[in-house]
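The structure appears below as structure tokens.
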Amino acid sequence: MNVSIVPALKALIPAALVVAVVLLGLVVGFWANAAFYPGTSPEQPIAFSHKIHAGENEIPCMYCHTQARRSISAGVPSVSKCMGCHNEVATQRPQIRKLKNYWENKEPIPWIKVHDLPDFVHFTHKRHIAAGIECQTCHGPVETMDQIRLTDAAPMEMGLCLNCHKQKEVANGLDCWTCHK
Numbered sequence: 013m014n015v016s017i018v019p020a021l022k023a024l025i026p027a028a029l030v031v032a033v034v035l036l037g038l039v040v041g042f043w044a045n046a047a048f049y050p051g052t053s054p055e056q057p058i059a060f061s062h063k064i065h066a067g068e069n070e071i072p073c074m075y076c077h078t079q080a081r082r083s084i085s086a087g088v089p090s091v092s093k094c095m096g097c098h099n100e101v102a103t104q105r106p107q108i109r110k111l112k113n114y115w116e117n118k119e120p121i122p123w124i125k126v127h128d129l130p131d132f133v134h135f136t137h138k139r140h141i142a143a144g145i146e147c148q149t150c151h152g153p154v155e156t157m158d159q160i161r162l163t164d165a166a167p168m169e170m171g172l173c174l175n176c177h178k179q180k181e182v183a184n185g186l187d188c189w190t191c192h193k
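When we follow the numbering used here, the leftmost residue of the sequence shown carries the number 13, and every step to the right adds one.
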């Protein structure tokens with residue numbers, strides 16, 4: 013009597029192909045994500061260090077991000093705000109020379125936005141600053157970061173907002189229309 017396992021193995025071929033295609037898809041997906049959507053830390057036109065400014069020099073967030081107390085957006089500092097210090101401080105460093113070129117050419121620094129919420133989310137920095145929410149609650153410990161990375165920040169997802177609003181007992185915080193327009 014001859015017993016063969018070939019028929020049993022032939023039945024497994026479709027399942028093996030599905031597994032192979034899924035694994036290949038995952039590998040290609042991870043590669044494409046890393047190659048085309050580096051996302052966590054875009055290369056900025058000037059290598060600005062929050063660690064030096066907010067950390068070592070203890071410059072408050074609101075000094076540079078002045079729009080945060082009165083606007084939806086925190087904004088980025090103007091070149092003139094930067095040059096207020098860097099006309100005198102560290103003037104020979106290559107990054108400061110880049111800054112000075114923007115100043116002399118009367119051009120804004122073309123910063124690349126790191127924290128970008130979907131268009132359907134309505135978030136107001138002004139309300140959160142007025143409520144005494146620390147920037148680090150959402151943005152992570154920026155005073156320790158040479159480069160702002162999303163991986164160091166709290167996940168900017170609806171659950172983070174809902175949990176915070178529940179903990180702070182915000183009266184209208186759970187109304188969908190408060191945050192979604």
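Think of the CB as a built atom: it goes at the ideal place given N, C-alpha and C, for glycine as much as any other residue. Here the structure is a predicted model, which is why all the values come from computation and not from measurement.
Are the CB atoms of CYS191 and HIS134 nearer to each other than 7 Å?
For this step, residue 191 is matched to residue 179 along the sequence shown. For this step, residue 134 is matched to residue 122 along the sequence shown. Yes, the Cβ-Cβ distance between CYS191 and HIS134 is below 7 Å.
Report the rounded CA-to-CA distance for ILE108 versus ILE160, giving the unit in angstroms.
Residue 108 sits at position 96 when you count from the first residue of the sequence shown. Residue 160 sits at position 148 when you count from the first residue of the sequence shown. Take the alpha-carbon of ILE108 and the one of ILE160: they are about 19 Å apart.
As assigned by DSSP and simplified to three states, the class of HIS151:
Here residue 151 refers to the residue found at position 139 of the sequence shown. In this structure, HIS151 counts as helix in the three-state DSSP scheme.
Starting from THR78, follow the alpha helix (DSSP H) in both directions and report where the run begins and ends.
Translated into the one-based positions of the sequence shown, residue 78 becomes position 66. Note, THR78: premise wrong, no alpha helix (DSSP H); not H, not E.
Starting from HIS192, follow its DSSP beta bridges and name the residues at the other end.
Position 180 of the sequence shown, counting from 1, holds the residue named residue 192. Looking at the DSSP assignment, HIS192 forms a beta bridge with VAL133.
So, under 8 Å CB-CB, PRO120 and VAL91 are touching, yes? Tell me the CB distance rounded to an integer number of Å.
As a working mapping, residue 120 is identified with position 108 in the sequence shown. As a working mapping, residue 91 is identified with position 79 in the sequence shown. Yes, PRO120 and VAL91 are in contact; Cβ-Cβ is about 6 Å, under 8 Å.
Could you check what DSSP says for ILE160 in three-state terms: helix, strand or coil?
Position 148 of the sequence shown holds residue 160. Looking at ILE160 - three-state DSSP - the assignment turns out to be coil, as it is neither helix nor strand.
What residue does the alpha helix (DSSP H) around VAL91 start on, and which one ends it?
Counting from one through the sequence shown, the residue named residue 91 turns up at place 79. 91-98 is the span of the alpha helix (DSSP H), which, as asked, contains VAL91.
In whole angstroms, give me the CA-to-CA distance for VAL88 and VAL30.
Here residue 88 is taken as the residue at index 76 of the sequence shown, counted from 1. Here residue 30 is taken as the residue at index 18 of the sequence shown, counted from 1. For the pair VAL88 and VAL30, the Cα-to-Cα distance works out to about 49 Å.
Excluding five sequence neighbours on each side, which residues of the same chain lie with their C-beta closer than 6 Å to the C-beta of VAL126?
Taking the sequence shown and counting its residues from 1, one reaches residue 126 at position 114. Spatial neighbours of VAL126 in its own chain (CB-CB distance under 6 Å, excluding positions within 5 residues in sequence) are listed in chain order as ILE160.
Given ALA102, which residues of its chain have a CB within under 8 Å of its CB, disregarding the five upstream and five downstream residues?
For the purposes of this step, residue 102 is taken as residue 90 along the sequence shown, with counting starting at 1. ILE108.
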